[in-house]
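Heads up: the structure comes next, in structure tokens.
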Amino acid sequence: MTAPLLSVRGLVTRFRTEVGEIFPSRDIDLDIAAGEVVGLVGESGSGKSVTARAMVRLLEPASAIRAGTLLYRGAELRALAPDALRALRANEISIVVQDPAAALNPVMSVGAQITRIHQLQRGSTALDSRAAAIALLTRLRIAEPEARLAAYPHQLSGGMKQRILIAMALICRPSLLIADEPTTALDVTVEAEILGLLAELRRDIGMAMLLISHNLSVIARLCDRVAVMYAGRIVEQGPTDRVLAEPRHPYTRALLGSVPRGTKDDGKLPAIPGEPPDLARLPAGCAFAPRCPDAAEACTRMQDLRSLGAGRHAACWRAEPT
Amino acid sequence: MTRAPDLLTLDALSKRYKVGGGGLSPWRRATPMVHAVTDVTLSIARGEILGLVGESGSGKSTLGRLALLLEPPSAGRVAFEGRDLVGAGKPALRDFRRRAQMVFQDPQSSLNRSLTIGRILASPLAVHLPQLPRAQRHARIVELLEMVGLRCDMTGRYPHELSGGQRQRVGIARALAIEPGFVVLDEPTSALDVSIQAQIVNLLLALKERLDLTYLFISHDLRLVRYLSDRIAVMYLGRIVEVGPAAALWSAPRHPYTRALLAAVADARRAGDGSRELIGGEMPSPIHPPSGCAFHPRCPAAGPRCRRDQPELRDIGGVMAACHLYDGGVA
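If you read the sequences in order, they're chains A and B.
Using this note's numbering, you'd call the opening residue of the first sequence number 25 and step up by one each time.
Using this note's numbering, you'd call the opening residue of the second sequence number -3 and step up by one each time.
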């Protein structure tokens, strides 16, 4: 097997807050192969956004990364000088965030925002960048791309703004795209269209993607593999169809069960009792144990993510090998 | 099966808002209007859960507020138990407000952050049941907290000390404090994580049975609406485009917009499957709604007639849909 594009081992992040130290990522191991789409799923406060940003050194402050190795094409990202890091972001790794309205500059035309990136990072001429931008917008099925380039963010709908952000992220043809809840602010019909576009672009450009979402059906549509986070740890990972069809960690099982599928006549929704834990006050041992229907004495000791075979991993001592 | 009698009836209800300051100049152009809700006729039977789905800007929240007369409609009628309420006197409205309440989307902003939970729950009691003795009022608050699954020592806490799920439980307790029969639930779980959403949904269903409630459940989440609702109404750009029994509508959606909505949430593993029904574009502006059927610019089946004529809701095998496809064709 060839070496993965990004290989993360033992990543730990820490923030000091008013309520004490919190660890949004603990002992994170994750590989992303070239061209692969990996999903990172979890509820609010599970640490998924911080973890994803830390993996590619997009986390501020950099000192929040406390431990771990981050190998990108075999090079340690934590050792990169600022110049090298900037070059990496220019040519290799891009990010699309959830709220396009906040991510776009309101006083600059979207065309200028897209082409400026291309010019700065590729050193191309204004004419070339414009042609590249128009080609990309056409690809994103934006009607009248020339006219759109002259528009300002407030003149565009939410779905259109998200497409512009995607165009900005893709104009330099990155090898890895971090997509942080890219469709959460959008309506379902627009979401479906954007997800379709991302799947298409990934095929055509051959880029890898780390898709962060709280929505399992979004993950199911796009991802080859999925990692499930709970309270700062990956509790389960494996091929998406296998994990969703036969979850091995009780949290994954409970999360899938909470999504309404039938009607109320089919019975009550199997809700997870209690609330997600406060990252500043985690229980000893498995963080899910207080809400887990199968919790036992052994759960007061921490269970590391262990291999179950067939590319699957779970952090539960009850999880049976495949 | 005969339907229970209607509890709430909305008849040809419309709401328009002026947008932008026209100024006082006599030469100004006509003030642009947002057509938030247009000509909606809908009824809710006693004991029923009616799900109202639509995307942002469809007018579903405005319709919920109109149903409770939280704002006056621009045209049309709202009747509760057969009694017409638009233009009714204050005593009639006061009685209606005692019996019809609302749960809002975001408990963070709909609970007064400077009041304790006890005070928040006491205020509807103070307004609607001022004669209630102090001790009984306190007993009622404790009972309400127990009913929504909160500990009774919550009364002294402030909203910011609670989690999102707990805050929404308080929002529900506040709405139920004065024992209403009808509750409008406006996206009550969309600010919550899915594991907490399931708890709140189960609570809402248990309370409905226990207190014999009728719900208008507004949501953009189709699977949630299908789970909860007895009937479903689909809104697009201010109008109801399809309404009918939940099972019939879900298994065979008639309107092309409903079909697109269902295709968008289908369990399809890849966007490739089921994408036949997917649509492009976005909802147009309610300031300048398209001519004819408002969905025609995005509709895969649209024809000349759709650009010209507004389709009426008609019965298509037990489900009402507003589409020319079922009324002589689109040509």
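We put the beta carbon where it would ideally sit given N, CA and C, even for glycine.
Nearest CB-CB separation between residue 294/A and chain B: below the 9 Å threshold. Counting C-beta pairs closer than 8 Å gives three or more between the region 199 to 207 of chain A and the region 228 to 245 of chain A, which meets the contact rule. Scanning its chain for C-beta atoms nearer than 7 Å, with the 5 sequence neighbours on each side dropped, one finds around residue 308/A the residues 324, in chain order. The contact set of residue 288/A on chain B, defined by CB atoms closer than 7 Å, consists of 201, 223, 224 in chain order. In the three-state reduction of the DSSP assignment, residue 228/A falls in the helix class. For residue 294/A, no pairing in a beta bridge is given by DSSP. Contact check for residue 258/B and residue 218/B: beta-carbon distance about 7 Å, within the 8 Å limit, so the pair qualifies. Within chain A, the residues whose beta carbon sits less than 7 Å from that of residue 52/B are 211, listed in sequence order. For the pair residue 258/A and residue 54/A, the Cα-to-Cα distance works out to about 9 Å. Residue environment: residue 288/A is assigned as buried (16 or more neighbouring CB atoms within 10 Å of its CB, all protein chains considered).
Taking a C-beta cut-off of 8 Å against chain B, the contacting residues of the region 58 to 84 of chain A are 67, 68, listed in chain order. Within chain A, the residues placing a beta-carbon under 9 Å from that of residue 192/B are 67, 282, 295, 296, 299, 300, ordered along the chain. For residue 184/A, the nearest CB of chain B lies under 9 Å from its own CB, placing it at the interface with that chain. When DSSP reads this structure, residue 263/A sits in a beta bridge with 249/A. At least 9 Å separates the beta-carbon of residue 229/A from that of residue 190/A.
For the pair residue 81/A and residue 104/A, the CB atoms are nearer than the 9 Å cut-off.
Within chain B, 274, 276 have C-beta atoms less than 7 Å from the C-beta of residue 217/A, given in sequence order. Taking the Cβ atoms as the reference, residue 236/B lies roughly 18 Å from residue 3/B, outside the contact range of under 8 Å.
Distance from the Cα of residue 98/A is smallest, within the candidate group 210/A, 32/A, 131/A, for 32/A. Here residue 131/B is exposed. Its C-beta has fewer than 16 other C-beta atoms within 10 Å. Per the coordinates, the alpha-carbon of residue 249/A lies some 5 Å from the alpha-carbon of residue 62/A. Residue range 30 to 41 is occupied by the beta strand (DSSP E) that includes residue 39/A. Here residue 268/A carries a helix assignment [DSSP, helix/strand/coil]. At a cut-off of 9 Å between beta carbons, residue 220/A contacts chain B.
Secondary structure at residue 91/B: helix, using DSSP grouped into helix, strand and coil.
Going by DSSP, residue 143/B is part of the alpha helix (DSSP H) stretching over 130 to 143. Residue 226/B is positioned such that its CB atom lies closer than 9 Å to that of residue 241/B. Annotated three-state conformation of residue 48/A is strand, per DSSP. In chain order, 295 make up the part of chain A whose C-beta sits under 7 Å from the C-beta of residue 195/B.
In this structure, the CA atom of residue 256/B is about 12 Å from the CA atom of residue 297/B. By the Cβ neighbour-count rule, residue 220/A is buried, with 16 or more other Cβ atoms within 10 Å of its own. Looking at the DSSP output, residue 330/A sits in a beta bridge with 338/A.
For residue 255/A, no chain B residue has a Cβ inside 9 Å of its Cβ, as the nearest lies near 13 Å away. Rounded to whole angstroms, the separation of the alpha carbons of residue 225/A and residue 276/A is 29 Å. Three or more pairs of CB atoms, one per stretch, sit closer than 8 Å, so the region 279 to 290 of chain B contacts the region 302 to 320 of chain B. A straight line joining the alpha-carbon of residue 12/B with that of residue 73/B spans about 15 Å.
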